[in-house]
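Just add 280 to the spot in the sequence shown (first one is 1) and you have our numbering.
To keep things clear, I will list the structure first and then write my remarks on it.
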Amino acid sequence: MLTFSTNSATVIGAICFFGLVGCVIESPPESAETVTARLIPLLTDTQTDTRRTAALSLGKIGDPQAIQALVLALSDPDDQVRQSSAWALGTMADSLSDRALVALVQHLTDPSDSVKQAVVLALGRTAVQKELILVLTEAYAISTIDTQRTIIQSLAHFDFPFSYSVYLQALESPDSLTRQSAIAGLGELGDPRGLPLLRTHLLQDTSVGVRSEAAYRLGKLGTNADVVALKQAMETDPTPNVHFWASWALNQIGQNT
């Protein structure tokens, strides 16, 4: 059962009206703006359940006046509060400022996987793709290698077109895990522009993991245009793992090896 502090009790009736908590009320309904104004302070309530419920409720109402408070709530010590806040911001994606977008991007490195997924989904709902690309690109460029790796690994789980330019940056990383995640991300996108990059890294990357990932992705997405590179890798790569995936990819494309 959820517990609410004394401060939260004054807005429960209004929350019930919006269908956010199951209960019966007799008081007249209040406007969304009024309820939002009363919910915002609850994002800093001492009770975790209250903060979580407030974030979810604000997301369901969708009033942009809550954006600043929800951005602050992305730093809440509770994982579920951060996740709920990210989700709520996603419901207001068309109204997010650059500051809010930057905050979401920064939380791609959240220690909680559920929070990272909520952040990526929130970013994916924004309609300002150009601004988002700029924010993502800048955030990636100024981050540490560990943070860059986390950003790319998080994005690679989703096929968002706005990730393409960030993957291009990541392919230049000195960190092999970042490059491998970028290759995987390009594969998830299925964008044919990525095929030449997959071939290049299949033949030239210094990492076995990256070359293997590239071979695997070519097997999923490749065409006859990729056969030459795959045969070269199968015949010349000194690593059995790459040889295996190149052979598998050729079979997937329909070649007899």
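Yeah, the Cβ is synthetic: ideal placement off N, Cα and C, and Gly gets one too.
- Around the Cβ of residue 406, a 10 Å sphere holds 16 or more other Cβ atoms; the residue is buried.
- A Cβ-Cβ contact shorter than 9 Å links residue 322 with residue 334.
- Relative to residue 493, the option among 350, 478, 484, 505 whose CA is nearest is 478.
- For residue 372, the secondary structure class from DSSP, reduced to helix, strand or coil, is coil.
- Counting of Cβ neighbours within 10 angstroms places residue 396 among the buried residues, the total reaching 16 or more.
- Residue burial annotation: residue 522 is buried, with at least 16 other C-beta atoms found within 10 angstroms of its C-beta.
- A distance below 7 Å between beta-carbons, with the five flanking residues on each side excluded, links residue 483 to the following residues of its chain, in chain order: 509, 512, 513.
- Under the three-state reduction of DSSP, residue 518 is assigned to coil, being neither helix nor strand.
- Contact check for residue 446 against residue 416 passes: the beta carbons are separated by less than 9 Å.
- About 16 Å separates the CB atoms of residue 489 and residue 529; that is not less than 8 Å, and the two are not in contact.
- In this structure, the beta-carbon distance from residue 470 to residue 442 does not fall below 9 Å.
- Linking residue 312 to residue 532 through their CA atoms gives a straight-line distance of about 55 Å.
- Shortest Cα-Cα distance from residue 393 to any of 378, 375, 382, 437 involves 437.
- The DSSP-derived three-state label of residue 357 is coil.
- Comparing C-alpha distances from residue 426 to each of 414, 495, 450 shows the shortest one belongs to 450.
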